[in-house]
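Here's the structure, in structure tokens; my notes come after.
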Amino acid sequence: MLSQWTLIIIAIAAVLLAVTSSRILGTHALGFGTTGFMALLSLGSTVLLVAVLIFSAIIRGWFSFAVSLMCLIAMFLFFRVNGKLSAQVSHQTRYSGDRIAAALIEFKQKKGAYPTQLNELTPQFLTQVPSPTLKGSTFFYRLEGDAFVLGYTSTNWMLCTRGVDTPWHCDD
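Counting from 137, one number per residue, gives the positions in the sequence shown under the numbering used here.
Following this line, the structure appears as structure tokens:
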């Protein structure tokens with residue numbers, strides 16, 4: 137049977153793991169497509185994983201526990217790095233989209249209406265139409281009355297759009 141100190145250490149590790157996962161899967165995770173429900177589900181999965189780790193320590197020994205814990209920590213670090221990279225990609229893509237939006241507004245000021253296609257902006261308003269930072273992705277554009285919607289597909293298949301007077305908004 138496990139000693140009292142061992143159980144205390146396991147309990148502290150479980151609490152630290154839960155706090156760490158809630159920070160990783162909290163509001164920052166929303167940037168890479170995880171909804172509130174998914175964050176809650178992931179936190180529940182963390183509790184389940186901690187229970188499995190404790191069971192592993194009891195049945196298979198501390199070496200198995202240590203290896204499992206290191207794998208779990210590596211997984212959380214991967215999500216943290218992925219979230220930061222996703223934020224950087226999103227920022228760069230939005231900057232490119234803002235350049236297109238500015239060119240669209242300038243096009244309308246000079247010609248009286250928005251273009252029907254983005255390639256009409258070249259070469260007078262843009263040297264070339266920028267692409268989103270994600271490989272293989274393109275900006276989509278559509279007219280809606282006297283306004284436009286510009287968008288792209290972001291990480292985890294989130295649809296991000298903006299209009300003439302509206303900032304970027306991403307939906308899962």
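Every residue gets a Cβ at the ideal spot worked out from N, C-alpha and C, and that includes glycine. What you are looking at is a predicted structure, and each value in this text was computed from that prediction instead of being measured.
Residue i Cβ short of 7 Å to the ligand ZN heavy atom set
i	result
L286	Among the components of this structure there are no ligands whatsoever, and the ligand ZN is therefore not found.
Exposure of residue i, with buried meaning 16 or more beta-carbon neighbours within 10 Å
i	result
V203	exposed
Y288	buried
T302	exposed
L295	exposed
S290	buried
F275	buried
F168	With a pLDDT of 41 at F168, under the threshold of 50, the modelled position of this residue cannot be trusted, and the question is left open.
Residue i versus residue j: straight-line alpha-carbon distance, rounded
i	j	result
P251	D307	26 Å
R278	A237	12 Å
S267	A187	46 Å
A239	M206	50 Å
L208	I194	18 Å
Q228	L286	15 Å
G233	F261	14 Å
V300	E280	11 Å
A249	D282	8 Å
R230	F284	16 Å
P259	S226	26 Å
Where residue i falls: helix, strand or coil (DSSP)
i	result
L279	strand
D307	strand
V203	helix
F243	helix
G197	coil
G233	helix
L286	strand
L262	coil
L295	strand
L257	helix
S226	helix
L270	coil
A249	coil
Proximal residues to residue i (C-beta, below 7 Å), its chain only, five neighbours per side dropped
i	result
N255	V265
K247	none
Closer than 8 Å to chain C by CB, residue i
i	result
Y231	Of the protein chains in this structure there is only one, and it is not chain C.
Cut-off 8 Å between Cβ atoms - residues of its own chain near residue i, not counting five sequence neighbours on either side
i	result
H305	C296, T297, R298
R235	L262, P266
L257	I236, A239, L240, F243, P251, V265
Q253	Y277
Chain-order list of residues whose beta-carbon lies under 6 Å from that of residue i (same chain, five-residue window excluded)
i	result
W198	none
A210	none
Quiz item: Should the region 266-275 be regarded as contacting the region 243-250, the criterion being three or more beta carbon pairs within less than 8 Å?
Solution: Between the region 266-275 and the region 243-250, the count of C-beta pairs closer than 8 Å stays below three; the two stretches do not touch.
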